[in-house]
Amino acid sequence: TDLQYFPEQVVKLEFQYQILLVGQYLLIFLLGITTFLLGLYPLEKILKEHKVKDKNIHKVSIVIMSFLISFAVALGKIQRVSSWEVFTNPKETITGILATLNSSEVMLFVILFGVATSALYFSFRKLFKFV
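Just add 66 to wherever you are in the sequence shown, counting from 1, and you've got my numbering.
What follows is the structure in structure tokens.
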């Protein structure tokens with residue numbers, strides 16, 4: 067989610083530091099994709115172990131989880147709700163959830179991010195041999 071700052075940061079740097087910044091963002095991007103993919107893998111494994119044979123249930127489960135992750139990203143990035151606040155400050159968490167649900171712009175972000183992450187997972191899962 068910090069990609070929004072990249073253009074502003076890169077133009078302020080000398081060339082050699084621009085290369086380092088691009089490398090840093092690439093590494094973080096690749097690690098983010100990898101951890102996302104590996105984070106959803108246990109869900110598919112659980113479905114397989116419970117002998118859920120309907121592939122549509124697998125797909126719907128992944129899509130639902132992608133949208134839940136997208137909603138959590140919006141809570142953290144836009145509403146500034148930290149993950150530990152679910153337990154330490156539940157009122158703030160509920161306020162953030164309601165603010166997210168009531169904002170068409172934030173919900174558009176959740177939908178677009180959910181679609182993008184779902185597409186990403188289904189594009190790369192065969193590469194990682196999750197199926």
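Even glycine gets a Cβ: it sits at the ideal position worked out from N, Cα and C.
Between the CA atoms of residue 130 and residue 147 - distance to the nearest angstrom: If you draw a straight line from the Cα of residue 147 to the Cα of residue 130, it comes to about 21 Å.
Are residue 103 and residue 186 closer than 9 Å when you measure CB to CB? Result yes, Cβ atoms of residue 103 and residue 186 sit closer than 9 Å.
For residue 190, the nearest candidate out of 78, 70, 99 and 92 (CA to CA): Nearest of 78, 70, 99 and 92 to residue 190, Cα basis: 99.
Rounded to whole angstroms, what's the CA-CA distance from residue 167 to residue 193? Just pull it up for me. Rounded to whole angstroms, residue 167 to residue 193 spans 35 Å at the Cα level.
For the stretch 167 to 182 against the stretch 136 to 154, are there 3 or more C-beta pairs whose distance is under 8 Å? Between the stretch 167 to 182 and the stretch 136 to 154 there are three or more inter-stretch CB-CB distances shorter than 8 Å, so the stretches are counted as touching.
Could you give the DSSP three-state label for residue 123: helix, strand or coil? DSSP places residue 123 in helix when its eight states are reduced to three.
Spatial neighbours of residue 123 within its chain, please: C-beta separation below 8 Å, excluding the five flanking residues on both sides. Around residue 123: 113.
Name the two residues that bound the continuous alpha helix (DSSP H) containing residue 109. Per DSSP, residue 109 belongs to the alpha helix (DSSP H) from 81 to 115.
Quick one, which of 143, 144, 156 and 108 has its alpha-carbon nearest residue 9's? One cannot answer for residue 9 here, as it falls past the ends of the chain, which runs 67 to 197.
Give the straight-line distance between the Cα atoms of residue 157 and residue 68, rounded to the nearest whole angstrom. In a straight line, the C-alpha of residue 157 is about 27 Å away from that of residue 68.
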